[in-house]
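Take the sequence shown: its position 35, counting from 1, is numbered 35 in our numbering, and each next residue is one higher. Built from N, CA and C at the ideal position, the CB exists for glycine as well. Model, not experiment: these values are computed from the prediction. Let me begin by presenting the structure, written as structure tokens, before commenting on it.
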Amino acid sequence: MDEVVLAGIIAVGLCIAFFIGLGVFIAKDAKKQKSEPEKREGQTST
């Protein structure tokens with residue numbers, strides 16, 4: 001296998017892993033904010 005092809009496969013794999021990790025972080029953060037709405041920053045309770 002050519003070095004350029006291998007580098008491309010590794011780069012695509014790292015991009016996919018990054019976006020999966022970002023999605024997991026966003027999902028966990030959204031779940032946490034839904035369960036604790038009073039601790040959100042910028043919200044004023046009147």
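From what residue to what residue does the alpha helix (DSSP H) around residue i run?
{"i": "E3", "result": "3-35"}
In chain order, what residues of the same chain have a beta carbon less than 8 Å from the beta carbon of residue i, not counting five sequence neighbours either side?
{"i": "L22", "result": "none"}
Quick one: what's got a C-beta closer than 6 Å to residue i's C-beta in the same chain, skipping five residues either side?
{"i": "A7", "result": "none"}
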